[in-house]
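Number of protein chains: 2
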Amino acid sequence: MNHPTAVAALAALAQETRLAIFRRLVREGAPGLPAGVLAAELGVAPPTLTFHLNQLATAGLVQSRRAGRQVFYALEVDTMRGLLGFLVEDCCQGHPELCAPLPQAGACCSPAPRRARRAP
Amino acid sequence: MNHPTAVAALAALAQETRLAIFRRLVREGAPGLPAGVLAAELGVAPPTLTFHLNQLATAGLVQSRRAGRQVFYALEVDTMRGLLGFLVEDCCQGHPELCAPLPQAGACCSPAPRRARRAP
DNA sequence: CAATTATTTCGACATTTCTATAAATATCGA
DNA sequence: TCGATATTTATAGAAATGTCGAAATAATTG
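So the sequence lines, in the order shown, correspond to chains G and C.
Under the working numbering, the first residue of the first sequence is numbered 61, with each subsequent residue one higher.
Under the working numbering, the first residue of the second sequence is numbered 61, with each subsequent residue one higher.
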């Protein structure tokens, strides 16, 4: 991950619809979802959805694959991981006590999902 | 962290200069840096820097404090942590094998890479 | 108080971004 | 092949954003 790539990825995520798409795909995992399902679930017009999916794909955050008439979109996990790592790179110059609570942020797919689904 | 707040934070980060400011402050840790130093290091005109710092502050990503003539800007760690957590919330619906490599993304402040997944 | 340093506010302009409608493409089943 | 379903492309206009120079504000020093 480098600076321009990170800006592109962040710009792709910095939009209501696209962030919703992204988070929906984060929940979905590897198989992903067809464009139509995303459009229906998020209440977005198909052309608008395509526009946003293209933004996410161009930023390398999602990938697509056709399955019959449907086109499935799924998360590009490597990019997501790269982005998160890039944001906290060289954090605090080796003074962990300053932002020690951060590691939990990356605790994706934690085996002990004790947290509530939706924040209260 | 909620959806609108996350969009605001991401939008604040989705810009070259602001991402550079943010990452510089991530490296700096708690004390932060005066606006002038940031402007000089990043080669940005003072008014432009102020504009971007305000964007970051409005998004809750940085805070400022005056010290004499200088105004120090420092990272708002809680917001950063909240944002990273929000992005990977409910990742893969409990199928860790799908995106297991993600945890390292949050390994902030780790000069010695230890597996401190869930501290307490 | 006057001069100097540090930062912010103001005003204006070019550029980019988002959304919607209409039309086009791709795939499947009869 | 024809019709139906799923998705994309094309086009255009309104709204938001980034950058700059000039001037203003805040704090320190002589």
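The beta carbon of each residue, even a glycine, is placed where N, CA and C say it ideally should be.
Min CB distance residue i to chain G below 9 Å
{"i": "C/E76", "result": "yes"}
{"i": "C/V104", "result": "no"}
{"i": "C/L113", "result": "no"}
{"i": "C/R83", "result": "yes"}
{"i": "C/V131", "result": "no"}
{"i": "C/E149", "result": "yes"}
{"i": "C/G128", "result": "no"}
Run of the beta strand (DSSP E) containing residue i, from where it starts to where it stops
{"i": "G/L121", "result": "Where G/L121 is concerned, there is no enclosing beta strand (DSSP E), given that its DSSP letter is neither H nor E."}
Proximity test, Cβ basis, 9 Å: residue i and chain C
{"i": "G/C159", "result": "Summary for G/C159: the model assigns pLDDT 49, below 50, so the residue's position carries little reliability; its value from the coordinates is reported in the next sentence. At least one chain C Cβ lies under 9 Å of G/C159."}
{"i": "G/L79", "result": "yes"}
{"i": "G/V204", "result": "Nothing can be reported for residue 204 of chain G, as the shown portion of chain G is limited to 61 through 180."}
{"i": "G/A99", "result": "no"}
{"i": "G/G89", "result": "yes"}
{"i": "G/H94", "result": "The question names His, but residue 94 of chain G is Pro in the sequence shown. So, not an interface residue."}
Strand pairing of residue i, partner residues [DSSP]
{"i": "G/Q130", "result": "G/A127"}
{"i": "G/L135", "result": "G/V122"}
Continuous alpha helix (DSSP H) stretch holding residue i: start and end
{"i": "C/A95", "result": "95-102"}
{"i": "C/P64", "result": "63-73"}
{"i": "C/V86", "result": "76-88"}
Cβ contact (3+ pairs, closer than 8 Å) linking the stretch 89-97 of chain C and the stretch 139-152 of chain C = No, the stretch 89-97 of chain C is not in contact with the stretch 139-152 of chain C.
Is the stretch 75-85 of chain G touching the stretch 115-130 of chain G, taking contact as three or more C-beta pairs under 8 Å?
-> Touching, per the Cβ criterion.
When the Cβ atoms of the stretch 126-135 of chain G are set against those of the stretch 68-77 of chain C, are three or more pairs found closer than 8 Å?
-> Touching, no.
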